[in-house]
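Written out below as structure tokens is the structure these notes cover.
Protein chains: 2
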Amino acid sequence: MTRAVERAAQILLSLASGSSRLGVSEISELVDIPKPTVHTMLRTLERHGLVEQEVEGGKYALGPAVLQLGNAYLDGSELRARAASWADPLARQTGEAVWVGVLSGPNVVVVHHAFRPDDLVQILEVGAAVPWHTCALGHAIVACLDEERRKRLLSVPVQRLTGRTVTDPDALRQALETVRERGYAVEDQEATLGDAGLAAPVFDRTARVVGALGIVGPADRLLAPPGRQGRLVDAVRSTARALSRELGAGR
Amino acid sequence: MTRAVERAAQILLSLASGSSRLGVSEISELVDIPKPTVHTMLRTLERHGLVEQEVEGGKYALGPAVLQLGNAYLDGSELRARAASWADPLARQTGEAVWVGVLSGPNVVVVHHAFRPDDLVQILEVGAAVPWHTCALGHAIVACLDEERRKRLLSVPVQRLTGRTVTDPDALRQALETVRERGYAVEDQEATLGDAGLAAPVFDRTARVVGALGIVGPADRLLAPPGRQGRLVDAVRSTARALSRELGAGR
DNA sequence: GTCTCCTGTTCCGCAGTACCGAATGTTGAT
DNA sequence: ATCAACATTCGGTACTGCGGAACAGGAGAC
Chain A
18 MTRAVERAAQ
28 ILLSLASGSS
38 RLGVSEISEL
48 VDIPKPTVHT
58 MLRTLERHGL
68 VEQEVEGGKY
78 ALGPAVLQLG
88 NAYLDGSELR
98 ARAASWADPL
108 ARQTGEAVWV
118 GVLSGPNVVV
128 VHHAFRPDDL
138 VQILEVGAAV
148 PWHTCALGHA
158 IVACLDEERR
168 KRLLSVPVQR
178 LTGRTVTDPD
188 ALRQALETVR
198 ERGYAVEDQE
208 ATLGDAGLAA
218 PVFDRTARVV
228 GALGIVGPAD
238 RLLAPPGRQG
248 RLVDAVRSTA
258 RALSRELGAG
268 R
Chain B
18 MTRAVERAAQ
28 ILLSLASGSS
38 RLGVSEISEL
48 VDIPKPTVHT
58 MLRTLERHGL
68 VEQEVEGGKY
78 ALGPAVLQLG
88 NAYLDGSELR
98 ARAASWADPL
108 ARQTGEAVWV
118 GVLSGPNVVV
128 VHHAFRPDDL
138 VQILEVGAAV
148 PWHTCALGHA
158 IVACLDEERR
168 KRLLSVPVQR
178 LTGRTVTDPD
188 ALRQALETVR
198 ERGYAVEDQE
208 ATLGDAGLAA
218 PVFDRTARVV
228 GALGIVGPAD
238 RLLAPPGRQG
248 RLVDAVRSTA
258 RALSRELGAG
268 R
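Right, dumping it as structure tokens:
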């Protein structure tokens, strides 16, 4: 454990959350590190393109080298590589957008996004982070984690994003138990009002959960029509199973 | 300048270049830092999701948190946000793929990629890094840099990627002079055999070059047909100018 | 089975560097 | 002009980053 590196990581991640441009003082307050220390580290990170400063001085932002890192991560991810050939057909089959995500700290990060097959403009969500407890992808993953890791996640207070977000640890534990029994997760407007999601876990050859695959869309389209949810769940589960098999998982 | 942070940045970037999975010993050799130091830092970076280790131990790779960083960078980039509405029409107009890139160290990093408008499978290159001296985007940017920055880039030996890569500093200086006179850059199989590119610089409201916009495709399609190059150059230049104006540049 | 090699991981005393309060510099508002 | 807020610089020293040596574990050869 290197304290300086710890702090630099905190600074980088602070620049990735919320406002894209932050001053030294703002970062200092966000990560609770004195200003000169923040400044010195920003300067070091800047030398490697991980951070850059506005031309006229003042605010700092992430630099293009982080984009290289992100791209390299995707290039090296077997889950993402294999997900593409399953997610796109599922999007066509269901008529909804498909996301594949992995757990990163308390968030789910989208590693693949197959657009809903219509002509409306959609924003590519690869790299987007959603708190695990507010999305079906997150529930699907965390439900299948080893006990210790799950306990650690549940021991940290979680944030309410909408009036429907479940934040009580006991309620979350119960929800995860339900996910384990059923083999899939449902999210109903817990991250964004109006939106819902369905997801199933994806396993690798060591039988560990490595991510989840799911669909996201308007709640009234995904959850309300009679019989629709069941059909979507079936499609999502069988696709997640196929993807798991392709990753070497037995089930 | 914080040495520990410097080293951690080197380690992260080493994981982004070449093989996606590296052992402690390999990283140690790549960045010339002793193994225990590399190991300690990897462990610290792992705690923040920036790095992860294979389940059975051994090799390390970048973690999903870097994808968040990359995504946040794109979300905060005005160049990228505005490039989308110009690059896509240019791709349709020219029938070729359009890239918008920025300089990061000795490389150009692609921040936006509009696919060639055909039905063939294409790989999204956002986040890809190309050595500046081997691509038209890089030439277009570096030609317009302030003298000091350009000198610094030219003082470092550059790598030959193909038999056609220009690596001699004097020849590069001359090529950049040509770019400045003409207002655009041409690359002919310097990065990848068979591929070529045309690009023009993009400026912001401070009249500084902030990136470049260009098209990439097979050399025989871009450069060989009579009159085609001229028409493509015109389209690229006027698009880059429009994008510059939208970023607040006077010209 | 044993042995060897290679790699990741741990250890811990101390040298040197990370640290940060105080000071300085810059900018914008009044 | 003054003031406030913010970024940046400075430099002595406390404490932490460091890395050679040792250890642990796994894989392959015999």
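Protein sequence lines correspond, in order, to chains A and B. This note's numbering puts the first residue of the first sequence at 18, with every later residue one more than the last. This note's numbering puts the first residue of the second sequence at 18, with every later residue one more than the last. Beta carbons: idealized from backbone N, C-alpha and C, even for Gly.
Can you tell me whether DSSP reads A:Pro123 as helix, strand or coil? For this step, residue 123 of chain A is matched to residue 106 along the first sequence. DSSP places A:Pro123 in coil when its eight states are reduced to three.
For B:Glu23, return the contacting residues in chain A, with the cut-off set at a CB-CB distance below 7 Å. To locate residue 23 of chain B, count along the second sequence from 1; it is residue 6. Going along chain A in sequence order, the residues near B:Glu23 (Cβ under 7 Å) are Thr61.
Could you spell out the range, first to last residue, of the beta strand (DSSP E) harbouring A:Tyr77? Position 60 of the first sequence, counted from the start, is the residue given in the question as residue 77 of chain A. Run containing A:Tyr77: Tyr77 to Leu79, per the beta strand (DSSP E) assignment.
For a contact meaning CB atoms closer than 9 Å, what does B:Pro186 contact in chain A? By one-based count along the second sequence, residue 186 of chain B stands at place 169. The contacting residues do not exist; B:Pro186 stays about 22 Å from chain A at best.
Taking the straight line between their C-alpha atoms, what separation do you get for A:Leu47 and A:Pro53? By one-based count along the first sequence, residue 47 of chain A stands at place 30. By one-based count along the first sequence, residue 53 of chain A stands at place 36. Taken atom to atom, the span from the alpha-carbon of A:Leu47 to that of A:Pro53 is near 14 Å.
Does B:Gln191 pass the burial test, meaning 16 or more other C-beta atoms within 10 Å, or should it be called exposed? Translated into positions along the second sequence, residue 191 of chain B becomes position 174. Burial call: exposed.
Along chain A, in chain order, which residues have C-beta atoms closer than 7 Å to that of B:Val126? Position 109 of the second sequence holds residue 126 of chain B. Within chain A, the residues near B:Val126 are Pro81, Leu84 and Gln85.
At the 8 Å Cβ level, is B:Ala78 part of the contact set with chain A, yes or no? Translated into the one-based positions of the second sequence, residue 78 of chain B becomes position 61. Chain A, which has a Cβ nearer than 8 Å to the Cβ of B:Ala78, makes this yes.
For the candidate residues A:Thr57, A:Val227, A:Ile140 and A:Asp136, whose alpha-carbon lies nearest to that of A:Gln258? Start at 1 with the first residue of the first sequence, and residue 258 of chain A comes out as number 241. In the sequence under discussion, the amino acid at residue 258 of chain A is Arg, which differs from the Gln named in the question. Here the closest residue by C-alpha is A:Val227.
For A:Ser36, which of B:His56, B:Asp92, B:Met58 and B:Leu67 has the nearest alpha-carbon? Indexing the first sequence from 1 puts residue 36 of chain A at position 19. With distances taken between Cα atoms, A:Ser36 lies closest to B:Asp92.
For A:Glu71 and B:Gly144, I'd like the C-alpha separation in whole angstroms. Your numbering for residue 71 of chain A matches position 54 in the first sequence. Your numbering for residue 144 of chain B matches position 127 in the second sequence. Taking the straight line from one Cα to the other gives about 21 Å.
Since A:Val147 is in the beta strand (DSSP E), which residue starts that stretch and which ends it? Translated into positions along the first sequence, residue 147 of chain A becomes position 130. Here the beta strand (DSSP E) through A:Val147 covers Ala146 to Pro148.
Can you give the Cα-Cα distance for A:Ala266 and A:Leu171, rounded to whole angstroms? Within the first sequence, numbered from 1, the residue matching residue 266 of chain A stands at position 249. Within the first sequence, numbered from 1, the residue matching residue 171 of chain A stands at position 154. Those two C-alpha atoms are separated by around 27 Å.
Work out the CA separation of B:His150 and B:Gly180 for me, nearest whole Å. Taking the second sequence and counting its residues from 1, one reaches residue 180 of chain B at position 163. Taking the second sequence and counting its residues from 1, one reaches residue 150 of chain B at position 133. Going by the C-alpha atoms only, they are around 14 Å apart.
Tell me the DSSP bridge mates of B:Leu260? Mapped onto the second sequence, residue 260 of chain B falls at position 243. DSSP, once it has assigned bridges, lists no residue as partnering B:Leu260.
Can you tell me which of the three DSSP states A:His65 falls into? Here the question's residue 65 of chain A lines up with position 48 in the first sequence. Collapsing the DSSP output to three states places A:His65 in coil.
Going by CA-CA distance only, name the one from B:Arg199, B:Glu198 and B:Ala25 that's closest to B:Pro51. The residue labelled residue 51 of chain B in the question sits at position 34 within the second sequence. B:Pro51 has its Cα closest to that of B:Ala25, out of B:Arg199, B:Glu198 and B:Ala25.
What's the C-alpha gap between B:Leu141 and B:Arg199? Locating residue 141 of chain B in the second sequence gives position 124, where the first residue counts as 1. Locating residue 199 of chain B in the second sequence gives position 182, where the first residue counts as 1. Using only the alpha carbons, I get a separation of about 30 Å.
With distance defined between alpha-carbon atoms, name the residue in B:Val253, B:Arg262 and B:Gly40 nearest to B:Ala216. The residue given as residue 216 of chain B occupies position 199 in the second sequence. Comparing Cα positions, the closest option is B:Val253.
Option in B:Asp212, B:Pro106, B:His129 and B:Ala224 with minimal Cα separation from B:Asp163: Taking the second sequence and counting its residues from 1, the one referred to as residue 163 of chain B is at position 146. It is B:Ala224.
So which residues on chain A does B:Leu91 lean against when the C-beta distance must stay under 8 Å? Here the question's residue 91 of chain B lines up with position 74 in the second sequence. The contacting residues are Leu84 and Gly144.
Helix, strand or coil at B:Glu164 [DSSP, three-state]: Here residue 164 of chain B refers to the residue found at position 147 of the second sequence. Reduced to three states, the DSSP call for B:Glu164 is helix.
Keeping to the same chain, check which residues put their C-beta closer than 7 Å to that of B:Gly112; ignore five residues upstream and five downstream. Taking the first residue of the second sequence as position 1, residue 112 of chain B is located at position 95. Correct list, in chain order: Arg133 and Pro134.
Check A:Gly214 in the structure and name its three-state DSSP category. For the purposes of this step, residue 214 of chain A is taken as residue 197 along the first sequence, with counting starting at 1. Reduced to three states, the DSSP call for A:Gly214 is strand.
CB of B:Leu107 within 8 Å of CB of B:Thr256, strictly: Indexing the second sequence from 1 puts residue 107 of chain B at position 90. Indexing the second sequence from 1 puts residue 256 of chain B at position 239. Between B:Leu107 and B:Thr256, the gap from beta carbon to beta carbon is short of 8 Å.
Those runs of the beta strand (DSSP E) which lie wholly inside the region 166 to 245 of chain A and span at least 3 residues: Listed in chain order, the complete beta strand (DSSP E) runs (minimum 3 residues) inside the region 166 to 245 of chain A are 202 to 205, 212 to 220 and 226 to 235.
Looking at the secondary structure, which residues open and close the alpha helix (DSSP H) in which B:Ile28 lies? By 1-based counting over the second sequence, the position of residue 28 of chain B is 11. First-last of the alpha helix (DSSP H) with B:Ile28: Arg20 to Leu32.
Element boundaries [alpha helix (DSSP H), containing A:Thr111]: Against the first sequence, residue 111 of chain A aligns to sequence position 94. Unbroken alpha helix (DSSP H) run through A:Thr111: Glu95 to Thr111.
Going along chain A, which residues have a C-beta under 9 Å from B:Ser102? The residue labelled residue 102 of chain B in the question sits at position 85 within the second sequence. Here the premise fails: no neighbours, minimum Cβ distance about 11 Å.
For B:Glu95, which option in A:Met58, A:Leu79, A:Glu95 and A:Ala89 has the closest C-alpha, if you only look at C-alpha atoms? On the second sequence, residue 95 of chain B is found 78 positions in, with the first residue counted as 1. For the residues A:Met58, A:Leu79, A:Glu95 and A:Ala89, the minimum Cα distance to B:Glu95 belongs to A:Leu79.
Straight-line CA distance for A:Ser102 to A:Val127? Counting from one through the first sequence, the residue named residue 102 of chain A turns up at place 85. Counting from one through the first sequence, the residue named residue 127 of chain A turns up at place 110. C-alpha separation (whole angstroms): 16 Å.
So, for A:Val196: in the same chain, excluding its five sequence neighbours on each side, which residues have a beta-carbon less than 7 Å away from its beta-carbon? Reading the first sequence from its first residue, position 179 is the one you call residue 196 of chain A. Here the set comprises His156, Ala157, Ala160 and Ala202.
Work out the CA separation of A:Leu154 and B:Ala82 for me, nearest whole Å. Locating residue 82 of chain B in the second sequence gives position 65, where the first residue counts as 1. Locating residue 154 of chain A in the first sequence gives position 137, where the first residue counts as 1. Spanning the two alpha carbons is a distance of roughly 17 Å.
Same chain only: Cβ atoms within 7 Å of B:His65, ignoring 5 sequence neighbours per side: If you number the second sequence from 1, residue 65 of chain B lands on position 48. Non-local C-beta neighbours of B:His65 in its own chain, meaning closer than 7 Å and more than five positions away in sequence, comprise Ala82, ordered along the chain.
Please report how far the alpha carbon of A:Thr57 lies from the alpha carbon of B:Met18, in whole angstroms. Along the first sequence, one-based indexing puts residue 57 of chain A at 40. Along the second sequence, one-based indexing puts residue 18 of chain B at 1. Distance between the alpha carbons of A:Thr57 and B:Met18 is about 6 Å.
Which residue wins for smallest C-alpha separation from B:Ala61, given the options B:Ser261, B:Tyr77 and B:Glu73? Working through the second sequence from its first residue, we reach residue 61 of chain B at position 44. Reading the sequence as shown, one finds Thr at residue 61 of chain B and not Ala. With distances taken between Cα atoms, B:Thr61 lies closest to B:Tyr77.
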